[in-house]
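In the working numbering, the protein residues as written are 1 to 612. Virtual Cβ for every residue (Gly too), placed ideally from N, Cα, C.
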């Protein structure tokens, strides 16, 4: 193999190594910092005076805060509330119970908010008795997170609108997919407000806000919808995954702001406007967003307010509804609160005509590869019932697609090996003339039909596939807590075994050690992957350059440690891919009549020549 080809392989390997190292050394510590901040925030919450996010609990008589620049009365300062336990916060207001196949929780009659949602189908850990995932919580709970809709009045208009402490009446005490609930509030000044809430059997609420004008004058009101939370939530902190503000407004591309980057915007606020779209908050596997009527114009806002513990809000303000005396008007908002299941989100986008709703899942730059790859894995999962098996089968399919390219590559490498004596003769003949060497090399390649860069092509074309598969395993909820075989009970999490505690024989967790803990993640599957990579490296002649030889020798060890903290599904994929590559290369080179260096290289490790 030529030196420049080895250099190209080395450069590509080092490039991938830099990317993986950045993920490991930067994202890992960042994740730990995020967890520490979240823990500190949670610890400080109980018993501390905490203003709820606008438009949260306001001074009595004040209307909810509207998005910046929208017509509204100036909101009064928020009333400080003492955070209660979640159970106490739920008990502080009469509630309508939510009971669907996918959700449980309640709607507060005080404020009429959707502020208590838990997911029946998802638990915090793989243990069957683990608590259900809690998504939304009331404003006076330790981690407030809720959805709200309503109306904002014109500046200077003296209209008594429903607010955070308004007590609504309801026509039912339970909300199910078959039984909507209608809330009613009479402001005592001739306006009667209604809020009809329905829910499907998955994660979509439909909120229809109406107002009947029994006064003698017309009234103009501006519909709004929002999702608000107080305190920065725990995030994974990985660059490959977006968590925070997300939305589509009009013809804009998907807008994404983290909880930190929104602070860099002017007044910690990002404004946009357009017809159709949605906005809210996304987490790794869950999302809560509001979806205005898609044919109507609205102003969207992402904002952060407050000192110390911040309040974050995504809101939409629609154009005014003018209600004549004796007339009624209404507006409809969809509220998604649930798991980011690919099929469910795609169905919502199609059935409800929601603009680019599928981009709520962070498919990444290789969207055109990532999503089809997911559908292929999901289809095979439907046949075999195991995502790990599906990954193995998809790997075989990918190898089959790239087989013609890999076949030409390995044949070219075999030819390159066959002409090594001639290349060495050219080097000796033109030892002092590098330009003449290169000319003779090119003539030799042309004469023998060799493509000197063909060996790099299989690696180059598989890099996007590798990252697409990484995305699929890392971000899709379908992979969350998906078991493989044996000790792998969650393909989206790292291998739970660890060499440094003798795979569980020693009763301690090495990853919890200060400073070095995040280096000590080395399970069984990463070790198997390292062995497969080592064998793959030994399939080819060793580099003559001592530096390259050392780099290639240490690369399997480095990658073994790097991939120790990666999802087990990705490590299994890489191991299986290496194994198939070794078998494929062995078969092709033997067929071409070229000696395979594997056995000689392994023998050299055992029978090292004695020093003279």
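Span of the alpha helix (DSSP H) around residue i
{"i": "residue 400", "result": "387 to 401"}
{"i": "residue 590", "result": "568 to 591"}
{"i": "residue 301", "result": "Careful: residue 301 lies outside any alpha helix (DSSP H), inside the beta strand (DSSP E) at 297 to 305."}
{"i": "residue 294", "result": "Taken as a continuous stretch (DSSP letters only), residue 294 belongs to no alpha helix (DSSP H), as it is neither H nor E."}
{"i": "residue 265", "result": "Careful: residue 265 lies outside any alpha helix (DSSP H) and carries neither H nor E."}
{"i": "residue 347", "result": "342 to 352"}
{"i": "residue 370", "result": "367 to 384"}
{"i": "residue 423", "result": "420 to 429"}
{"i": "residue 606", "result": "598 to 606"}
{"i": "residue 442", "result": "434 to 448"}
Proximity of residue i and residue j at Cβ, strictly below 7 Å
{"i": "residue 242", "j": "residue 263", "result": "no"}
{"i": "residue 573", "j": "residue 405", "result": "no"}
{"i": "residue 135", "j": "residue 116", "result": "no"}
{"i": "residue 231", "j": "residue 313", "result": "no"}
{"i": "residue 96", "j": "residue 199", "result": "no"}
{"i": "residue 211", "j": "residue 193", "result": "yes"}
{"i": "residue 536", "j": "residue 472", "result": "no"}
{"i": "residue 277", "j": "residue 249", "result": "yes"}
{"i": "residue 571", "j": "residue 525", "result": "yes"}
{"i": "residue 168", "j": "residue 191", "result": "no"}
{"i": "residue 114", "j": "residue 122", "result": "no"}
{"i": "residue 148", "j": "residue 177", "result": "no"}
{"i": "residue 282", "j": "residue 246", "result": "yes"}
{"i": "residue 327", "j": "residue 321", "result": "no"}
{"i": "residue 491", "j": "residue 385", "result": "no"}
{"i": "residue 290", "j": "residue 254", "result": "no"}
{"i": "residue 86", "j": "residue 139", "result": "no"}
{"i": "residue 377", "j": "residue 358", "result": "no"}
{"i": "residue 360", "j": "residue 287", "result": "yes"}
{"i": "residue 325", "j": "residue 187", "result": "no"}
{"i": "residue 331", "j": "residue 223", "result": "yes"}
{"i": "residue 477", "j": "residue 595", "result": "no"}
{"i": "residue 94", "j": "residue 109", "result": "yes"}
For residue i, the residue or residues it bridges with in DSSP
{"i": "residue 224", "result": "150 and 317"}
{"i": "residue 337", "result": "288"}
{"i": "residue 281", "result": "245 and 288"}
{"i": "residue 108", "result": "95"}
{"i": "residue 103", "result": "119"}
{"i": "residue 193", "result": "185 and 211"}
{"i": "residue 230", "result": "311"}
{"i": "residue 322", "result": "220"}
{"i": "residue 329", "result": "211"}
Length of the line joining the Cα atoms of residue i and residue j
{"i": "residue 220", "j": "residue 259", "result": "34 Å"}
{"i": "residue 403", "j": "residue 603", "result": "30 Å"}
{"i": "residue 78", "j": "residue 225", "result": "Caution is warranted here: a pLDDT of 44 is assigned to residue 78, below 50, making its placement in the model unreliable, and the coordinate value is therefore given only provisionally. Each residue's Cα considered, the two are about 19 Å apart."}
{"i": "residue 500", "j": "residue 387", "result": "28 Å"}
{"i": "residue 590", "j": "residue 576", "result": "21 Å"}
{"i": "residue 267", "j": "residue 153", "result": "24 Å"}
{"i": "residue 98", "j": "residue 553", "result": "59 Å"}
{"i": "residue 88", "j": "residue 497", "result": "40 Å"}
{"i": "residue 318", "j": "residue 292", "result": "8 Å"}
{"i": "residue 41", "j": "residue 306", "result": "Interpretation of residue 41 is limited by its pLDDT of 40, a score under 50 that renders its predicted location unreliable; the figure taken from the coordinates is listed afterwards. Roughly 14 Å separates the two Cα atoms."}
{"i": "residue 362", "j": "residue 464", "result": "16 Å"}
{"i": "residue 533", "j": "residue 431", "result": "35 Å"}
{"i": "residue 417", "j": "residue 520", "result": "39 Å"}
{"i": "residue 126", "j": "residue 481", "result": "6 Å"}
{"i": "residue 50", "j": "residue 120", "result": "Caution is warranted here: a pLDDT of 33 is assigned to residue 50, below 50, making its placement in the model unreliable, and no coordinate value can be reported."}
{"i": "residue 529", "j": "residue 392", "result": "14 Å"}
{"i": "residue 502", "j": "residue 485", "result": "20 Å"}
{"i": "residue 429", "j": "residue 400", "result": "43 Å"}
{"i": "residue 547", "j": "residue 415", "result": "25 Å"}
{"i": "residue 68", "j": "residue 302", "result": "Caution applies to residue 68, whose pLDDT of 41 falls short of 50 and renders its modelled position unreliable; the value that the coordinates give is listed next. Distance between the alpha carbons of residue 68 and residue 302 is about 10 Å."}
{"i": "residue 44", "j": "residue 234", "result": "Confidence is the limiting factor: at residue 44 the pLDDT is only 37, short of 50, which leaves the residue's position unreliable, though a coordinate-based value still follows. Each residue's Cα considered, the two are about 15 Å apart."}
{"i": "residue 584", "j": "residue 315", "result": "55 Å"}
{"i": "residue 495", "j": "residue 587", "result": "32 Å"}
Extent of the continuous beta strand (DSSP E) to which residue i belongs
{"i": "residue 86", "result": "Premise fails: residue 86 lies in the alpha helix (DSSP H), 86 to 91, not in any beta strand (DSSP E)."}
{"i": "residue 209", "result": "204 to 213"}
{"i": "residue 257", "result": "255 to 257"}
Residue i: CB within 6 Å of a non-hydrogen atom of the ligand ADP
{"i": "residue 400", "result": "With respect to small molecules bound, the structure shown includes none, and the ligand ADP cannot be examined in it."}
Problem set entry | Ordered list of beta strand (DSSP E) runs contained in the region 118 to 167, each at least 3 residues | 132 to 136 and 145 to 153
Problem set entry | Unbroken stretches of the alpha helix (DSSP H), 4 residues or longer, contained in the region 479 to 565 | 524 to 537 and 546 to 562
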